[in-house]
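Numbering follows my numbering, with no gaps: position 103 of the sequence shown is 146. Just below is one structure, and these are the notes that go with it.
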Amino acid sequence: LMAAEPLTELEAAIETVVTTFFTFAGREGRKGSLSINEFKELATQQLPHLLKDAQEFSDVERAIETLIKNFHQYSVEGGKETLTSSELRDLVTQQLPHLMPSNCGLEEKIANLGNCNDSKLEFGSFWELIGEAAKSVKLESPAPRS
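See the structure below:
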């Protein structure tokens, strides 16, 4: 992702997750997917706290922590478990200006997320939106695995 201005913490976190995924994906098969072995290797190297007592968080774990922190930072009106559409709009415009510019159909994306009968979005729906934003991250050449 090349932006004229520095990336926000959330955008950098998304870029970390996407870059890490593509570092491990496709060596045994399709480039856009992880085989079982690739997933095990990614989890062992990048998500050690899920598997054992590690001393320090990996880049991917810090990126996931940033996603959760940003969700909770903006979820004030309806409680910490949901975002209202205005909170989501604020989060996206303030934290994802490079990944989701104003002309990206944000209103339509907000309308399509979550339960149609409820104007609040749970974390899972937020994660879907982040997935959409991550698809826009262009990786010119994935970093070689060390």
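We put the CB at the ideal spot given by N, CA and C, even for glycine.
Task: Residue burial classification, residue 61 (beta-carbon count within 10 angstroms, cutoff 16) - done: buried
Task: DSSP three-state assignment for residue 139, whether helix, strand or coil - done: coil
TODO: Helix, strand or coil for residue 163, going by three-state DSSP, please let me know.
DONE: strand
- [ ] Report yes if the C-beta distance between residue 138 and residue 113 is below 7 Å; otherwise report no.
- [x] yes
Open item on the list: Taking 7 Å as the limit between beta carbons, can you name the residues of its chain near residue 177, skipping five residues before and five after?
Closed with: 57, 60 and 61
Open item on the list: So for residue 67, helix, strand or coil by DSSP?
Closed with: helix
Task: Sequence-distant residues of its chain with Cβ nearer than 8 Å to residue 80 (five each side left out) - done: 71
TODO: Tell whether a beta-carbon distance below 7 Å holds between residue 77 and residue 68.
DONE: yes
Open item on the list: I'd like the list of long-range same chain contacts for residue 142, defined as Cβ closer than 6 Å, with 5 residues on each side in sequence excluded.
Closed with: 54, 176 and 179
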